[in-house]
Amino acid sequence: QVQLVESGGGLVPPGGSLRLSCVLSGSIFSVNTMNWYRQAPGKQRELVAGLTSTGITNYAGSGKDRFSISRDNAKNTVYLQMNSLKPEDTAVYYCNRVRGPLSSWGQGTQVTVSS
527 QVQLVESGGG LVPPGGSLRL SCVLSGSIFS VNTMNWYRQA PGKQRELVAG LTSTGITNYA
587 GSGKDRFSIS RDNAKNTVYL QMNSLKPEDT AVYYCNRVRG PLSSWGQGTQ VTVSS
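When the count follows this note's numbering, it moves up by one through the sequence shown with no breaks and lands on 641 for the last residue.
Structure representation (C-alpha cells):
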C-alpha cells in the first residue's frame, strides 16, 4: 500500500523559512515524479513544485522564486524548502506522487505564515 507522510509544517512569521518533508513508502521512490501542492481556505488546490525521477523541476505560482524542491532517493524523501514566506503562502501543503497512471496523496501539513 502506497503511503505518503508529510511533516515540517507550522507557524512561521513573515519572511521566515520552513522545510517540508514527505516520505513515500509502498512504491519504488526513485521512479516516481514527486510534487508539492497547496490548498488555501476557499481556494482550489494548486501545484507548487514538481520533481521528476530524472531531476527535472517545475515550479508554479507565486513561490517559484522562493521555493526549492529536492529529493533524496536513499531516504525515499522529497523536500520543499520555502524561504521568504508571506501570509499568502498560508495553506495546507500536500505531497503527491505520480507514476504513469497512478497517483497518491499525503494527508497534508498546515503552514501558517503570520506575525
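Think of the CB as a built atom: it goes at the ideal place given N, C-alpha and C, for glycine as much as any other residue.
Note on geometry: alpha-carbon atoms of glutamine 570 and tyrosine 563 lie some 10 Å from one another.
Our two residues, tyrosine 620 and threonine 635, have alpha carbons roughly 7 Å apart in a direct line. No Cβ-Cβ contact shorter than 7 Å links glycine 535 with arginine 545. CA-to-CA, the gap between threonine 578 and serine 543 works out to about 24 Å. Per DSSP, the unbroken beta strand (DSSP E) holding alanine 617 starts and ends at 617-625. Following the DSSP letters along the chain, one finds asparagine 561 inside the beta strand (DSSP E) bounded by residues 559-565.
The residues Arg564, Gln565, Ala566 and Val637, in chain order, have a CB closer than 7 Å to that of alanine 617 in the same chain once the five nearest residues on each side in sequence are set aside. Here DSSP, grouped into helix, strand and coil, assigns alanine 600 to helix. In this structure leucine 573 does not touch leucine 550 by the C-beta definition: roughly 18 Å separates them, more than the 8 Å allowed.
CA-to-CA, the gap between valine 557 and tyrosine 605 works out to about 16 Å.
Judged by DSSP in its simplified three-state form, glycine 576 adopts strand.
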